[in-house]
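**Student:** Here it is, the structure in full.
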Amino acid sequence: MEIDVAALRAGVKARQAALQARYLEDNDAEALLRQRSDDVDETLRQLWNAFDFPASMTLAAVGGYGRGELYPASDIDLLILLPQEASATTTAKLERLVSCFWDIGLEIGHSVRTIQECLNEAAGDITVQTALLEARLLTGSDKLFATFRKRLFGNLDPLGFFEAKRLEQQDRYLRYNETPYSLEPNIKESPGGLRDLQVVFWIAKAAGYGATWEELGNAGIMSQEGVAFGKQFEDYLRHLRIRLHFLAGRREDRLLFDYQSNLATRYGYADNESKRASEQLMQAYYRNAKGLTLLNTIVLQNLGAALAPESLQCPQDYDGNFQIVGNLLDVRDETLFERQPAMIFDAFLIMQENSELQGMTATTLRALWLAGERIDDSFRADPANRAAFLRLLQSERGIVHEFRRMNQLDILGAYLPNFGRIVGQMQHDLFHVYTVDQHILQVVRNLRRFTMSEFAHEYPLCSRIINEFDSPWLLYVAALFHDIAKGRGGDHSEKGTVDARDFCQNHGLTVDDTELVVWLVRQHLVMAQIAQKEDLSDPAVIARFAALVGDVRHLQALYLLTHADIRGTSPKVWNQWKGKLLADLYQQTLHHLTRDESPVAHGIIAERQAEAMRLLRFFALSDTVHERLWKQLDTVYFLRHSAEEIAWHTRSLHYRIYNNQPVVRARLWQEGVGLQVMVYTQDQHDLFARLVGFFARAGYSIVDAKIHTTAHGYALDSFILLDVEKREHSREMLAYIEHELEDRLNRQAPPEAPSAGRLSRQVRHFPIKPEVSIRGDEKGTHFVLSLIAADRPGLLYTVARTLAEHGAELHTAKIATLGERAEDVFLISGGDLRDTNQRIRLETDLMERLKV
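Going by the numbering used here, the first residue of the sequence shown is number 247, and it counts up by one from there.
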């Protein structure tokens, strides 16, 4: 049959133009998406039939097209299903068919597979599995398609699918810096975009709960109020994406500045005295995105509870107002915050104080959302509430998570009204890519990362400085206020100092601390300007800047805030050159300020090094004994090891630093209740697995481990071991461990799996649901793997072997065993971790193997 390609192309183009005109007239987004899908269905059927394919083959729509939602410029995803391998004739026909698709103006994404090939692909790629889940028959063999659907859903594990999609969403959020407030958001992929809605329906469909809002409501997954909100959010985003595609004339899902003004005009917005039309459009978008992210959180919680009801367990008492359900904080009475507004901050403090809590229940989130109206002038003036807010800033953990949560629930803006004014406020400059409130929270996040040893490899100088700095929380206060006056006209740095001073005085900060915070807000732009615009080789420039900062404390604080501020504007703004300029200005100014001072140890790292040297002198070692080893060690090592451990390592290794032979040293720990073992050897594949396997087979449980890789490629690892068998003569084991482990390392013996031990009664009766998270570092070269699991024999070996199987290299590890609970953090790289599917596969494998 002859195909008139020109006629088909003209027909496709004419019908698309007619659909666009109809939409602009009736403004019916749902009808447009359905009608465009129907039109493409018919065109594809015509083409398929024209090629006279065997009746045993099937043509199916997948992905968004499979849902029957075809946006004006979306790809058209197809699955050509074969009963067996295609013959040469059929393959040639398929190639001509695909060529015709493109010739008539359809952007086709296609795959040609047998059923088994589909299942194999789906098993290894959650994206493929999701696309196939949406499959819809277009033409061809009904029987083949029915068999495909039956086998696909038969192989589907709804709970496993839920976990994989949750991890995928977590990874997607990280790619967009966990915020919907980018100035040019991707309305499909960003948090608060269409993907947040789609992931709900994918999981619900896989679990058999339905594929519409009404079906989710009837299944008890959503309240009727939630169903109404879901429809509202979806309708808003559908219209916005349709109009964006029409305006761009191609597939474009980013709300670029190029389109914001035109879209605002088409939505009926107009400039006024306070806001441009585009700003009004974007604030409406941000409100929708904020509501959608909250809805997504609540519905995913409900789906998880429905799929794994046993994971909820019985509520555990916390106090008279709160309880713990599974790993979520739950308010006992939904009216608590209405009756006792002071409990609002308590909810966030509890989250910070309990690392096992992974979120709040839907009930608690709704109650906090409604409670924002209770934060009034009397609430803000209450000394107890002011003290609670300071405790939130001073916490050892959870600051960024809880301040983001408070912002999402409008609690932060209610307590700090001037912060509320900049929520969702755009910044029209060449640098910032986030709204003002999100930029501020990014700066707080950057400062927090300086304090965490697992991120010390990113910016070692900053990590060193902040660990020398007293009261780092003052920097978070300065970060909250440094841009709070934007949008008010005039110099925001000067106007922000008024807000900062009022806050500090109202919250009882000392005179010195208040002065520092206010000074930082006023001067937060100065260091960057001098570093980037003035000649740092000119002594006068350094002297003038030194006079401005006055002392080391102000210099340290301004350097840290400036570094965090620049990196919080945009990933594209920060680069190594700017980092070097800032560091040079810092170092030269520090030298200027301290040149007349005697060299006294300052800061935790310098103090540890000085104490380690003092301890080494007891062994009649020279003052240079440390140099060869210490120059191979970085900030992370000195932050994580005590002075006594540093001295022990130095004493053991100073004459064998470049020896190719492994060194193992063991000693009694804590008055003989355990052993401490140091291992120093050339880094090698499976090393961690070999070590933990050896210790487990020797009858020891690892309660703490510090894994480190030196600058010249040697592993320097320390372990604290407890004797599982509780042998009486621990000292006799020291020589055994040193000799046997050195021998195994010399022979590079393969890892030996430990024998399976018995689980404790607590773990059997009160199982801990594994939590696994992999996050990329700032430089995109390494990844931080965090996991929580029930401790048990062989746990670390399981983790080590899984990492090795995925080709992941271990650089550092922070291993903590808290009773029956293991909380471990690993810095890893390699193994194709930059690929989202590979990360999800590793996370999934770890979670599966960590289950008790």
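The beta carbon of each residue, even a glycine, is placed where N, CA and C say it ideally should be.
Can you give the beta carbon distance from Ile948 to Ile812, rounded, assuming they're within the 8 Å contact cut?
**Tutor:** Taking the first residue of the sequence shown as 1, we reach residue 948 at position 702. Taking the first residue of the sequence shown as 1, we reach residue 812 at position 566. 40 Å between Cβ atoms; not a contact.
**Student:** Quick one: using the 10 Å Cβ neighbour count with 16 as the cut-off for buried, is Leu270 buried or exposed?
**Tutor:** For this step, residue 270 is matched to residue 24 along the sequence shown. So Leu270 ends up on the exposed side.
**Student:** If you compare alpha carbons, which of Arg874, Arg667, Arg418 and Ser345 is closest to Leu293?
**Tutor:** Sequence index remark: in the sequence shown, residue 293 carries index 47 (1-based). Of the candidates Arg874, Arg667, Arg418 and Ser345, the one whose C-alpha sits nearest the C-alpha of Leu293 is Ser345.
**Student:** Can you give me the C-alpha to C-alpha distance between Gln375 and Glu367, rounded to a whole angstrom?
**Tutor:** If you number the sequence shown from 1, residue 375 lands on position 129. If you number the sequence shown from 1, residue 367 lands on position 121. Taking the straight line from one Cα to the other gives about 8 Å.
**Student:** Is it buried or exposed for Asp323, if we count other Cβ within 10 angstroms and need 16 for buried?
**Tutor:** Here residue 323 is taken as the residue at index 77 of the sequence shown, counted from 1. Buried, since its Cβ has 16 or more Cβ neighbours within 10 Å.
**Student:** Let's test the definition: count the other Cβ atoms within 10 Å of the Cβ of Ala951 and tell me whether it reaches 16, buried, or not, exposed.
**Tutor:** As a working note, residue 951 is residue 705 in the sequence shown. Buried, because 16 or more other Cβ atoms sit within 10 Å of the Cβ of Ala951.
**Student:** Can you list, in chain order, the residues of its chain whose CB lies under 8 Å from that of Tyr427, leaving out five sequence neighbours each side?
**Tutor:** As a working note, residue 427 is residue 181 in the sequence shown. Excluding positions up to five away in sequence, the list reads Tyr532, Ala535, Gly670, Tyr680, Thr681, Asp683 and Gln684.
**Student:** Hey, how far is the Cα of Ile546 from the Cα of Ile851?
**Tutor:** Within the sequence shown, residue 546 is the residue found at index 300, counting from 1. Within the sequence shown, residue 851 is the residue found at index 605, counting from 1. Looking at the sequence itself, residue 546 is Leu, so the reference to Ile does not match. Leu546 and Ile851: Cα-Cα distance of roughly 44 Å.
**Student:** Taking C-alpha atoms, which residue in Asp869, Arg412 and Ala275 lies nearest to Glu1017?
**Tutor:** Within the sequence shown, numbered from 1, the residue matching residue 1017 stands at position 771. The option with the nearest alpha carbon to Glu1017 is Arg412.
**Student:** Check the Cβ-Cβ distances between Asn600 and every residue of chain B, and say whether any is below 9 Å.
**Tutor:** Annotation note: the requested chain B is absent from the structure, which comprises a single protein chain.
**Student:** Using the Cα positions of Val763 and Leu582, report the straight-line distance between them to the nearest angstrom.
**Tutor:** Within the sequence shown, the letter at position 517 stands for residue 763. Within the sequence shown, the letter at position 336 stands for residue 582. Distance between the alpha carbons of Val763 and Leu582: 35 Å.
**Student:** I'd like the span of the alpha helix (DSSP H) that includes Ala633, first residue to last.
**Tutor:** Numbered from 1 along the sequence shown, position 387 holds the residue referred to as residue 633. Note, Ala633: alpha helix (DSSP H), Pro629 to Gln640.
**Student:** Can you tell which of Arg585, Glu584 and Asp576 has its C-alpha closest to the C-alpha of Ala593?
**Tutor:** Reading the sequence shown from its first residue, position 347 is the one you call residue 593. Ranking the options by Cα distance to Ala593, first place goes to Asp576.
**Student:** Can you give the Cα-Cα distance for Asp989 and Ile1034, rounded to whole angstroms?
**Tutor:** One-based indexing of the sequence shown puts residue 989 at position 743. One-based indexing of the sequence shown puts residue 1034 at position 788. If you take the alpha carbons of Asp989 and Ile1034, they lie about 33 Å apart.
**Student:** Classify Trp765 as helix, strand or coil using the three-state DSSP reduction.
**Tutor:** Reading the sequence shown from its first residue, position 519 is the one you call residue 765. Helix, per DSSP.
**Student:** Would the region 1041-1060 count as touching the region 953-960 if we require 3 or more Cβ pairs under 8 Å?
**Tutor:** Enough Cβ pairs lie closer than 8 Å, so yes.
**Student:** In angstroms, rounded to a whole number, what distance separates the CA positions of Leu614 and Arg1047?
**Tutor:** Numbered from 1 along the sequence shown, position 368 holds the residue referred to as residue 614. Numbered from 1 along the sequence shown, position 801 holds the residue referred to as residue 1047. Going from the Cα of Leu614 to the Cα of Arg1047 covers about 43 Å.
**Student:** Under 8 Å: do the region 495-508 and the region 445-454 share three or more Cβ pairs, one atom per stretch?
**Tutor:** Touching, no, given that fewer than three Cβ pairs across the two stretches are closer than 8 Å.
**Student:** Roughly how many angstroms separate the alpha carbons of Glu430 and Pro437, rounded to a whole number?
**Tutor:** For the purposes of this step, residue 430 is identified with residue 184 of the sequence shown, where counting begins at 1. For the purposes of this step, residue 437 is identified with residue 191 of the sequence shown, where counting begins at 1. Spanning the two alpha carbons is a distance of roughly 13 Å.
**Student:** So what does Glu1060 bridge to, in DSSP terms?
**Tutor:** As a first step, residue 1060 is located in the sequence shown; it is residue number 814 there, counting from the start. It is worth fixing the name first, because residue 1060 is Lys in this sequence and not Glu. According to DSSP, Lys1060 bridges with Lys952 and Val1071.
**Student:** Quick one: give me the first and last residue of the alpha helix (DSSP H) that Gly310 is part of.
**Tutor:** Numbered from its first residue, the sequence shown carries residue 310 at position 64. Run containing Gly310: Gly309 to Gly312, per the alpha helix (DSSP H) assignment.
**Student:** Would you identify the three-state DSSP class for Trp915, choosing helix, strand or coil?
**Tutor:** As a first step, residue 915 must be located in the sequence shown, where it is residue number 669. Correct three-state label for Trp915: strand.
**Student:** Could you round the C-beta distance between Ala717 and Asp759 to whole angstroms and report it? I think they count as a contact, below 8 Å.
**Tutor:** As a first step, residue 717 must be located in the sequence shown, where it is residue number 471. As a first step, residue 759 must be located in the sequence shown, where it is residue number 513. The sequence given here places Ser at residue 717; Ala does not occur at that position. Yes, Ser717 and Asp759 are in contact; Cβ-Cβ is about 7 Å, under 8 Å.
**Student:** Can you tell me which of the three DSSP states Thr581 falls into?
**Tutor:** Residue numbering aside, residue 581 sits at position 335 when the sequence shown is read from its first letter. The answer is coil: DSSP assigns Thr581 none of H, G, I, E or B.
**Student:** If you count every other CB in all the chains shown that lies within 10 Å of the CB of Glu341, and 16 or more means buried, which is it?
**Tutor:** Working through the sequence shown from its first residue, we reach residue 341 at position 95. Looking at its Cβ environment, which holds fewer than 16 other Cβ atoms inside 10 Å, Glu341 is exposed.
**Student:** Would you report the Cα separation of Ala377 and Val767, rounded to the nearest angstrom?
**Tutor:** If you number the sequence shown from 1, residue 377 lands on position 131. If you number the sequence shown from 1, residue 767 lands on position 521. Each residue's Cα considered, the two are about 50 Å apart.
**Student:** Output needed for Pro845: all residues of its chain with C-beta closer than 6 Å, excluding positions within five of it in sequence on either side, in chain order.
**Tutor:** Residue numbering aside, residue 845 sits at position 599 when the sequence shown is read from its first letter. Legend: pLDDT at Pro845 = 45, less than 50; position of this residue unreliable, value from coordinates given subsequently. Counting only Cβ-Cβ distances below 6 Å, and skipping sequence neighbours, we find nothing.
**Student:** Looking only at its chain, what residues have a beta carbon closer than 6 Å to the beta carbon of Arg1007, apart from the 5 residues adjacent to it on each side?
**Tutor:** The sequence position of residue 1007 within the sequence shown is 761, counting from 1. Only weak support is given to the placement of Arg1007: the predicted model assigns it a pLDDT of 49, under 50, and the question is left unresolved by the model.
**Student:** Please work out which residues of its chain come closer than 8 Å, Cβ to Cβ, to Ala725, disregarding the five sequence neighbours upstream and downstream, and give them in chain order.
**Tutor:** Here residue 725 refers to the residue found at position 479 of the sequence shown. Only Ile686, Val689, Val690, Leu693, Leu807, Ala810 and Asp811 meet the Cβ criterion.
**Student:** Are there 16 or more other CB atoms within 10 angstroms of the CB of Thr927, so buried, or fewer, so exposed?
**Tutor:** By one-based count along the sequence shown, residue 927 stands at place 681. That one is buried.
**Student:** Can you give me the start and stop residues for the beta strand (DSSP E) that Val744 sits inside?
**Tutor:** Taking the sequence shown and counting its residues from 1, the one referred to as residue 744 is at position 498. Run containing Val744: none in the beta strand (DSSP E); it sits in the alpha helix (DSSP H), His738 to Asn752.
**Student:** How is Thr1113 classed by DSSP in three states: helix, strand or coil?
**Tutor:** Any answer about residue 1113 is impossible in this case: the structure gives the chain only from 247 up to 1098.
**Student:** Output the distance between the C-alpha atoms of Ala369 and His1052, rounded to the nearest integer angstrom.
**Tutor:** As a working note, residue 369 is residue 123 in the sequence shown. As a working note, residue 1052 is residue 806 in the sequence shown. So the alpha carbons of these two residues sit roughly 16 Å apart.
**Student:** Would you mind reading off the limits of the beta strand (DSSP E) that contains Met1093?
**Tutor:** Translated into the one-based positions of the sequence shown, residue 1093 becomes position 847. Unbroken run through Met1093 is the alpha helix (DSSP H), Thr1082 to Leu1096; no beta strand (DSSP E).
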